[in-house]
Amino acid sequence: MTDTLTTPQGRRIAYHRTAGQGPGVVFLGGFMSDMTGTKAVYLQDWAERTGRAFLRFDYSGHGQSSGAFTDGSIGDWFEDALAAVTTLTDGPQILVGSSMGGWISLLLARVIPDRIAGLVGIAPAPDFTEDSMWAGFSPAQREALLAQGQITIPSDYSPEGYPVTRRLIEEGRSRLVLRAPLPLPFPVRILQGTADTDVPPAVALRLMDHADCPDLRVTLVKGADHRFSTPACLAMIAAAVDEVSG
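Going by our numbering, the first residue of the sequence shown is number 1256, and it counts up by one from there.
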């Protein structure tokens, strides 16, 4: 059953919580995705089979949560995730961050490291608003974004494309994690497809090089794309959660 949580900022967040043993598992989805995606549902089924506590939720402006997507920013979605983890879970948690959710997970690691028992990144995309979006825009796109406040970029996942707002880019600059020390005092596993054209393997390698983590491993999966949702890939996610759980 889907429930709702009102965050300290007044946003209504839809979530689904599975009771079980700890450490709990929290799934953090990607940009314009929702908690009904293949990886989130697979992990819930896995948690139910193995008796693990599990939480999946929709950021504001995503899925069943309140708000418009174009009103949101990395900071808003981080605040949503922080409220979900601190309010809806008990004890140490394993964060499973997919794409943008990987960035959100790293932001959580900076503020509540004592609540995090481990982190699994699935093609994590830290700082993508700056290093992928803004850096990849043409001069005309940058000019239109600054003048109009919003542009649309093509996407393999949406025929209408993705809306990108000026606020998303500018607010994202205050949330970058690859420009300052990034201590991760818990086991980290990064799963990355070599055929990922949205978040290339170089991002995972940059994160590995930058993070201060005593136990960090990157697994490159030949031929896997950004969805990372084949049966073999899904099994790898569950195995990684088991591994960082101790």
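Note that CB positions come from ideal geometry on N, CA and C, so glycine has one too.
Here the structure is a predicted model, which is why all the values come from computation and not from measurement.
Buried versus exposed call for residue i [16 or more other C-beta atoms within 10 Å across all chains shown]
i     : result
Q1276 : exposed
T1384 : buried
Y1412 : exposed
R1430 : buried
P1381 : buried
T1407 : exposed
R1304 : exposed
A1450 : exposed
R1434 : exposed
Enclosing beta strand (DSSP E) for residue i [first to last residue]
i     : result
V1296 : Premise fails: V1296 lies in the alpha helix (DSSP H), T1293 to T1305, not in any beta strand (DSSP E).
R1272 : R1267 to T1273
D1258 : D1258 to T1261
Q1405 : Q1405 to I1408
Where residue i falls: helix, strand or coil (DSSP)
i     : result
Q1447 : strand
I1492 : helix
V1419 : strand
G1330 : helix
I1367 : coil
G1373 : strand
A1378 : coil
M1388 : helix
T1452 : coil
G1501 : coil
G1502 : Outside the displayed range of the chain (1256 to 1501) lies residue 1502, so it cannot be described from this structure.
Residues sharing a beta bridge with residue i, DSSP
i     : result
S1393 : None, per the DSSP bridge assignment.
F1282 : R1311 and V1351
T1474 : L1446
A1276 : According to the sequence as given, residue 1276 is Gln; it is not Ala. The partner list for Q1276 (beta bridge, DSSP) reads R1307.
Cβ neighbours of residue i in the same chain (closer than 6 Å, five flanking residues each side left out)
i     : result
L1259 : Correcting the residue identity first, residue 1259 is Thr in this sequence and not Leu. Closer than 6 Å at Cβ, skipping near neighbours: R1267 and A1269.
V1375 : V1351, R1444, A1495 and V1496
A1493 : W1301
S1410 : G1416 and Y1417
Range covered by the alpha helix (DSSP H) that runs through residue i
i     : result
A1435 : Unbroken run through A1435: none, as it is neither H nor E.
A1503 : Residue numbering for the chain in the displayed model covers 1256 to 1501; residue 1503 lies beyond these limits and cannot be assessed.
Proximal residues to residue i (C-beta, below 7 Å), its chain only, five neighbours per side dropped
i     : result
L1362 : F1333, R1430 and V1432
Y1297 : L1489
G1404 : T1420 and R1421
A1364 : I1371, L1374 and L1439
G1427 : S1328, I1329, T1384 and E1385
T1342 : L1260
G1316 : G1322, A1323, F1324, D1326 and G1327
Beta-carbon proximity list for residue i, same chain, < 8 Å, skipping 5 on both sides
i     : result
G1279 : R1307, A1308, F1309, L1310, T1344, D1345, G1346, P1347, Q1348 and I1349
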